[in-house]
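According to the working numbering, the sequence shown is numbered sequentially starting from 1.
Using N, Cα and C, we set each Cβ at its ideal position, and we do this for glycine too.
Here the structure is a predicted model, which is why all the values come from computation and not from measurement.
The structure under discussion appears below in the form of structure tokens.
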Amino acid sequence: MKRLLFALFAVLSVLVVACGGEQKPEAAKAPDCEKPIKDPNDPKPMALMMRTMANYCDTMRLRLLAGGHVDSVEFPLMPFKTAEPTDSANLVPLFYENAARFEAAWRKLMADTLNQQDDYSLVIASCVDCHNSFCSGPLRRIKKLPLDYREER
Ligand code: HEC
Numbered sequence: 001m002k003r004l005l006f007a008l009f010a011v012l013s014v015l016v017v018a019c020g021g022e023q024k025p026e027a028a029k030a031p032d033c034e035k036p037i038k039d040p041n042d043p044k045p046m047a048l049m050m051r052t053m054a055n056y057c058d059t060m061r062l063r064l065l066a067g068g069h070v071d072s073v074e075f076p077l078m079p080f081k082t083a084e085p086t087d088s089a090n091l092v093p094l095f096y097e098n099a100a101r102f103e104a105a106w107r108k109l110m111a112d113t114l115n116q117q118d119d120y121s122l123v124i125a126s127c128v129d130c131h132n133s134f135c136s137g138p139l140r141r142i143k144k145l146p147l148d149y150r151e152e153r
């Protein structure tokens with residue numbers, strides 16, 4: 001119970017922090033995802049869940065690199081595919097197919113006890129996959145999530 005409360009608190013604080021927004025306009029590269037980036041202070045539920053997932057991945061990445069383990073209590077699957085999006089034109093069959101693949105990858109990661117690093121890499125590949133089709137703006141953020149990402153100097 002304590003742990004659950006802590007997880008809830010973590011989610012809320014992540015949301016609050018994420019609402020500060022760090023996206024810059026990149027409309028030319030992402031015409032299909034213009035609005036969430038242009039107006040980061042009035043995000044729709046789907047955009048908020050995406051930010052939470054990205055923050056989860058930051059934390060999971062560091063944990064796994066340190067040899068630790070992640071689980072679905074701390075990092076629950078976000079029900080983003082049924083959440084209100086900024087642009088409902090994205091809700092086409094390919095979006096749901098990508099979402100299903102992503103969810104399968106996330107569940108596999110959380111269920112695994114042996115090789116979570118590989119599972120995590122598949123999760124990030126699923127983020128990239130969907131974003132290549134629907135919303136390329138956040139790819140700059142997602143690019144920093146793979147385990148072998150190194151800050152460019
Ligand atoms: C099935 C498709 C799909 C998958 C999988 C997916 N995304 Fe998204 N993502 C979207 C769409 C569509 C939006 C735009 C949401 C909106 O504005 O309502 C978005 C928005 C975002 C945003 C911008 C949110 C903002 O501030 O407006 C980030 C960051 C993001 N995704 C990160 C991720 C990460 C990290 C993953 C994997 C852990 C991921 N996404 C997986 C489709 C996807």
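What do you reckon, is the C-beta of residue i under 7 Å from a heavy atom of the ligand HEC?
i      : result
Asn90  : yes
Ala125 : no
Met50  : yes
Thr86  : yes
Phe102 : yes
Asn98  : yes
Met53  : yes
Arg141 : yes
Buried or exposed: residue i, going by 16 or more other Cβ atoms within 10 Å of its Cβ?
i      : result
His131 : buried
Pro138 : buried
Asp119 : buried
Tyr149 : exposed
Tyr56  : buried
Asn98  : buried
Pro85  : buried
Leu154 : Residue 154 is absent from the structure shown; the chain starts at 1 and stops at 153.
Glu152 : exposed
Cys105 : It is worth fixing the name first, because residue 105 is Ala in this sequence and not Cys. Buried: at least 16 other Cβ atoms inside 10 Å.
Ser126 : buried
Arg140 : exposed
Pro43  : buried
Our contact map puts residue i next to residue j with C-beta atoms below 8 Å; I'd like the distance itself, whole angstroms only.
i      : j     : result
Lys147 : Leu64 : The residue asked about is misnamed: residue 147 is Leu in this sequence, not Lys. So it is a contact: roughly 7 Å between Cβ atoms.
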